[in-house]
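*Asks:* The listed protein sequences correspond, in order, to chains A and B.
In my numbering, each residue carries its 1-based index in the first sequence increased by 349.
In my numbering, each residue carries its 1-based index in the second sequence increased by 64.
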Amino acid sequence: MSKTPLLELRNISYSYPGHTSSLLNGINLQIDNEHIGLIGSNGCGKTTLLQIIMGLIQVDTGEILLDGTVLEQEKDFRNLRRKLGFLFQNSDDQLFSPTVLEDVAFGPLNHGLKSDDAKEISIATLEQLGLKNFEDRITHKLSGGEKKLVALATILSMQPQLLLLDEPSNNLDPATRERLIEILRELNLAHIIISHDLDFLASTCSKLYTLSDGKLVRCEDKQVHSHEHIHPYGNHPHQHGE
Amino acid sequence: MIEEPFASGSSFLHRRDPRIKLIGAACISLVLALSTSFLTAVTGCILTGFLLILSQPNPKRIVQRILGVNVFTLFLLITLPFTYGSNEATSWFHFSQDGLRMATLIALKSNAILFCFLALLATSSTVSLGHSLEKLGMPRKLTFLLLFSYRQLFIIHQEYKRLQRAALLRGFIPKNSLHTYRTYSHLFAMTLVKSWNRAERVQQAMLLRGFNGRLIPLNQPQPTQADYSLLILLLLLSLILAGLSFFPLPL
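This is the structure:
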């Protein structure tokens with residue numbers, strides 16, 4: 350008998366209010382300690398799926414289980430949010446405190462840590478990400494890459510067991526992108542990463558899924574790579590004929 | 065972020081607990097605002113002037129601030145003597161000493177209160193003042209509103225600027241025309257929609273990090289001996305000012 354997975358999605362379906370066709374249609378997924386990559390065209394519901402997992406959107410049908418327990422109310426999701434960290438697509442939405450230290454300490458303080466402990470944890474997290482002496486920097490004055498890393502720090506300071514990252518490598522310069530890959534490898538936390546950057550996924554994930562027509566489809570191993578195309582749809586995940 | 069030019073510094077007043085400064089500023093400004101005595105107003109100006117010097121502000125910026133407020137008092141000085149009270153001079157020219165006295169009193173009082181606020185409140189950041197107000201018993205919801213309006217105003221302004229730039233780059237030149245008004249109404253409406261969406265995403269971000277309606281400050285200093293001494297000094301100061309109101313100056 351296998352042990353209960355950390356997170357399990359059972360038959361999740363969702364359609365936008367007012368839409369007749371469903372965006373997500375019977376999604377099943379189990380995650381325990383995996384590194385999952387999620388690809389799919391724009392608007393296919395990838396971000397929505399992560400928001401559903403975090404309890405920000407109510408599903409039409411289906412169940413979300415954390416450690417084998419079905420989550421139903423807002424209260425249950427509060428518990429889930431302690432264990433799962435969600436990195437937004439846009440870091441500006443995630444950083445709202447004046448200084449970096451205040452932002453990174455926001456989560457720990459909300460979880461009832463004392464000021465000093467929250468500070469200590471935040472400084473340690475920043476150091477871990479190579480952001481030493483960033484504590485007093487003003488969040489909105491950071492560069493795009495710095496914002497992304499600080500946003501990651503605000504999540505890591507809550508010591509999650511699973512990370513959900515929404516297009517983390519977008520708009521990052523090559524050096525910061527490499528650093529993010531390195532960080533994710535060192536952390537070795539379970540994660541789900543949404544991205545269109547196939548190389549990024551190849552170096553951070555062991556399993557790849559794609560969302561098509563509201564279904565989650567496992568991609569075959571060893572087929573994902575980026576290569577040059579002269580036809581216009583080369584950017585989309587695709588399979589080649591034998 | 066809205067600029068707080070006087071909040072950073074290391075003077076004696078900068079290092080004091082914001083709660084103490086809030087209480088002190090409230091007492092002094094209340095006495096000054098209610099007083100009708102010249103003696104109180106003049107002494108108030110001098111004493112709060114000393115406080116201001118104690119806070120070691122940037123001289124150029126502080127003069128700018130003071131001048132800014134005095135544009136209004138100057139306006140009163142120009143208009144009040146000619147419109148207020150009874151006419152004491154000739155019949156064709158209205159000039160009243162009462163009006164002049166009133167305008168001078170208002171000018172002195174507003175400057176004294178301004179000095180007091182610049183010395184005591186401007187030397188703390190808005191964020192720490194907000195938290196201190198909560199600790200002094202202001203309802204949590206109001207504190208939250210204050211702190212968040214303060215933070216988000218800047219973002220809304222930025223959002224608007226971005227849209228405005230986009231319009232300019234596409235050759236938009238504001239004129240007195242229907243097209244201009246329509247464009248501005250679109251800009252305002254779009255700013256509103258975008259700020260709303262953004263506020264929603266920020267709220268989600270806060271929710272995901274365990275926010276439950278209360279902003280917990282990272283630094284929670286305890287008042288020190290020096291803080292209590294300042295409190296006593298400020299309370300004494302307001303008592304003296306209040307006492308002086310009972311001695312009418314022979315003017």
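Using N, Cα and C, we set each Cβ at its ideal position, and we do this for glycine too.
Note that the structure is predicted; figures quoted are calculated from it, not measured.
1) Excluding sequence positions up to five away, which residues of its chain have a Cβ less than 6 Å from the Cβ of Gly493 (chain A)?
2) Out of B:Tyr224, B:Pro281, B:Leu211, which one is the CA nearest neighbour of Trp260 (chain B)?
3) Does the beta carbon of Gly274 (chain B) sit closer than 9 Å to a beta carbon anywhere in chain A?
4) From Thr369 (chain A) to Asp562 (chain A), what does the alpha carbon distance come to, in whole angstroms?
5) Determine whether the Cβ of Phe316 (chain B) lies closer than 9 Å to any Cβ atom of chain A.
6) Over what stretch of residues does the beta strand (DSSP E) that includes Phe435 (chain A) continue unbroken?
7) Confirm, please, whether the CB-CB distance from Leu184 (chain B) to Leu115 (chain B) is below 9 Å.
8) In the stretch 371-428 of chain A, which residue ranges form an unbroken beta strand (DSSP E) of at least 3 residues, counting only runs that do not cross its ends?
9) How about Leu315 (chain B): is its C-beta nearer than 9 Å to some C-beta of chain A?
10) Where does Gln268 (chain B) land, buried or exposed, given buried means 16+ other C-beta within 10 angstroms?
11) Please decide whether Gln268 (chain B) counts as near chain A, where near means a Cβ-Cβ distance under 9 Å.
12) What residue range does the alpha helix (DSSP H) around Leu144 (chain B) cover?
13) By Cβ distance, which residues of its chain are closer than 7 Å to Met166 (chain B), with the 5 residues on each side in sequence left out?
14) Drop a sphere of 10 angstroms on the beta-carbon of Ala473 (chain A), count the other beta-carbons inside from all chains shown, and report buried for 16 or more, exposed for fewer.
15) Alpha carbon to alpha carbon, how far is Met270 (chain B) from Leu132 (chain B)? Give it in angstroms, no decimals.
16) How would you list, in chain order, the residues of chain A whose beta-carbon sits under 8 Å from the beta-carbon of Val191 (chain B)?
17) Please name the residue in B:Gly163, B:Cys109, B:Ile87 whose C-alpha comes closest to that of Leu197 (chain B).
18) Within the chosen definition, does the stretch 391-411 of chain A reach the stretch 470-484 of chain A through at least 3 CB pairs nearer than 8 Å?
19) Please decide whether Pro281 (chain B) counts as near chain A, where near means a Cβ-Cβ distance under 9 Å.
20) Going by DSSP, which residues form a beta bridge with Glu357 (chain A)?
21) Tell me the rounded alpha-carbon separation between Leu429 (chain A) and Leu415 (chain A).
22) Between the stretch 542-558 of chain A and the stretch 386-394 of chain A, can you find at least three pairs of beta-carbon atoms closer than 8 Å?
23) Are the Cβ atoms of Leu450 (chain A) and Lys468 (chain A) separated by less than 9 Å?
24) Using a C-beta cutoff of 9 Å, does His540 (chain A) count as contacting chain B?
25) With DSSP collapsed to three states, give me the class of Asp515 (chain A).
26) Going by CA-CA distance only, name the one from A:Glu531, A:Thr488, A:Val453 that's closest to Leu505 (chain A).
27) Any heavy atom of the ligand COA inside 8 Å of the beta-carbon of Phe236 (chain B)?
28) Give the DSSP bridge partners of Ala539 (chain A), in chain order.
29) Could you give the DSSP three-state label for Arg278 (chain B): helix, strand or coil?
30) Report buried or exposed for Glu357 (chain A), applying the criterion of at least 16 other Cβ atoms within 10 angstroms of its Cβ.
31) If I follow the unbroken beta strand (DSSP E) through Leu565 (chain A), where does it start and stop?
32) Specify, as a first and last residue, the run of the beta strand (DSSP E) that Tyr558 (chain A) falls within.
*Replies:* Walking through what the data contain:
1) Asn520
2) B:Tyr224
3) yes
4) 14 Å
5) With chain B covering only 65 through 315, there is no way to say anything about residue 316 (chain B).
6) 433-436
7) yes
8) 373-380, 384-388, 410-415
9) Legend: pLDDT at Leu315 (chain B) = 49, less than 50; position of this residue unreliable, value from coordinates given subsequently. Chain A, which has no Cβ nearer than 9 Å to the Cβ of Leu315 (chain B), makes this no.
10) buried
11) The beta carbon of Gln268 (chain B) falls within 9 Å of a beta carbon belonging to chain A, placing the residue at that interface.
12) 123-147
13) Residues of the same chain with a CB within less than 7 Å of the CB of Met166 (chain B), apart from the 5 flanking positions on each side, are Leu144, Tyr148 in chain order.
14) exposed
15) Here residue 132 (chain B) is Gly; the residue named in the question, Leu, does not match the sequence. Taking the straight line from one Cα to the other gives about 38 Å.
16) Under the 8 Å cutoff, chain A gives Pro447.
17) B:Ile87
18) no
19) yes
20) A:Gln379, A:Leu414
21) Going by C-alpha positions, Leu429 (chain A) is about 7 Å away from Leu415 (chain A).
22) The answer is yes - the stretch 542-558 of chain A touches the stretch 386-394 of chain A, with three or more Cβ pairs under 8 Å.
23) Contact: yes.
24) no
25) strand
26) Nearest of A:Glu531, A:Thr488, A:Val453 to Leu505 (chain A), Cα basis: A:Val453.
27) For the structure depicted, the ligand COA is absent and the ligand set is empty, with no information on it obtainable.
28) A:Leu511
29) coil
30) buried
31) 564-567
32) 556-561
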